[in-house]
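Visitor: Pasting in a structure now, in structure tokens, and then I'll have a few things to ask.
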Amino acid sequence: MHISLEHQVALVTGASSGLGAGAALALANAGASVVINYNRHAEPAEALAERIRQDGGKAIAVHGDVSKEDDVEALFARTVDTFGALDILLANSGLQRDAATVDMTLADWNQVLEVNLTGQFLSARAALRQFNRQGPRPWVSKALGKIIHMSSVHQLIPWAGHANYAASKGAVDLLMRSIAQEVGCQRIRVNAIAPGAVRTSINQDTTTGDKASRLLELIPYGRLGEVEDVANAVVWLASDAADYVHGTTLFIDGGMSLYPGFKDNG
Ligand code: NAD
661 MHISLEHQVA
671 LVTGASSGLG
681 AGAALALANA
691 GASVVINYNR
701 HAEPAEALAE
711 RIRQDGGKAI
721 AVHGDVSKED
731 DVEALFARTV
741 DTFGALDILL
751 ANSGLQRDAA
761 TVDMTLADWN
771 QVLEVNLTGQ
781 FLSARAALRQ
791 FNRQGPRPWV
801 SKALGKIIHM
811 SSVHQLIPWA
821 GHANYAASKG
831 AVDLLMRSIA
841 QEVGCQRIRV
851 NAIAPGAVRT
861 SINQDTTTGD
871 KASRLLELIP
881 YGRLGEVEDV
891 ANAVVWLASD
901 AADYVHGTTL
911 FIDGGMSLYP
921 GFKDNG
């Protein structure tokens, strides 16, 4: 199966690092013009855009805090000003502020919900408005537009010491499914990806050293995830090869969501 996203425009939030950067590169390699959103780190975002351009692709890096309505509006406006349309949104930005619930500050609770949930809502809303504004582009895709929410296995698996994060991802699941139910009739496809443990800056402390081997016990497939594992799925889910996939979460977790702790307990 050959997947081409040529003539499509993709916007990836939080793409200066990790899964977002990997997905932006993979989308560009599949032929999409890519907007690389960053919040704090302009340099890696600009470097990624330059790399894509040098390889013959189209990319720009654009600042924006996804938890701020004005920033999100400006980000989408810049996308359409530059590339003329939007076909694919990967709402990827996310962060952790970990603490036992008893010690968790309201600031840490709010920040995680604002970025991981409100940011996903603001980005999805802006994408839906743009899809409706521009109308069908049947020469690029069967769908009017595609939205992929970046969730986590922790939309399903409770996570002590990370109640804010798990709550935000659990909410992303129902946000995604509610939007999907609402806009499927417009041929807008809405899905989510739920990674397990993929080596990036968000989890450096648990994916290296001794903690990495403890983590492996939670992964039936026996290895940590790599950025490409998720990037490949993003490209497929964004493409017409996945045209009948709507309102679902694709777990990319080496089986982490199979509750492997129960394996010898039957
Ligand atoms: P990462 O820290 O490299 O990436 C997160 C990105 O979000 C960063 O580029 C960061 O700058 C950006 N971001 C944070 N706040 C922002 C804001 N206010 N506005 C715009 N961007 C903002 O980590 P990652 O692992 O690549 O995480 C990407 C997504 O994948 C997150 O939503 C995370 O929850 C999810 N995820 C990751 C894993 C994993 O194992 N790495 C597992 C499950 C889910």
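In my numbering, the protein residues as written are 661 to 926.
All residues carry an ideal CB built from backbone N, CA and C; glycine is no exception.
(1) Taking 7 Å as the cut-off, is the CB of GLY754 close to at least one heavy atom of ligand 1?
(2) From the DSSP output, which residues share a beta bridge with HIS822?
(3) Could you give the DSSP three-state label for ASN851: helix, strand or coil?
(4) Taking the continuous beta strand (DSSP E) assigned at VAL858, which residues delimit it?
(5) Under the DSSP definition of a beta bridge, which residues are partnered with LYS806?
(6) Does the beta-carbon distance from LEU708 to ALA684 come in below 8 Å?
(7) Verify the CB distance criterion: does SER753 have a CB-CB separation below 8 Å to chain C?
(8) Could you work out which residue in GLN756, ILE817 and VAL732 is closest to ASN865 when comparing CA atoms only?
(9) Under 7 Å: does the beta carbon of LEU777 sit that close to some heavy atom of ligand 1?
(10) Below 8 Å between beta carbons: does that hold for ILE848 and LEU804?
Guide: The answer reads as follows:
(1) Taking 7 Å as the cut-off, the C-beta of GLY754 counts as close to a heavy atom of ligand 1.
(2) Bridge partners of HIS822: none, in fact.
(3) strand
(4) No beta strand (DSSP E) contains VAL858, which DSSP labels as neither H nor E.
(5) ILE748 and ARG849
(6) yes
(7) Among the protein chains of the structure shown there is no chain C, as only one such chain exists.
(8) The amino acid at residue 865 is misidentified as Asn; the sequence shows Asp. The residue with the shortest Cα to Cα distance from ASP865 is GLN756.
(9) For ligand 1, not one heavy atom lies less than 7 Å from the Cβ of LEU777.
(10) yes
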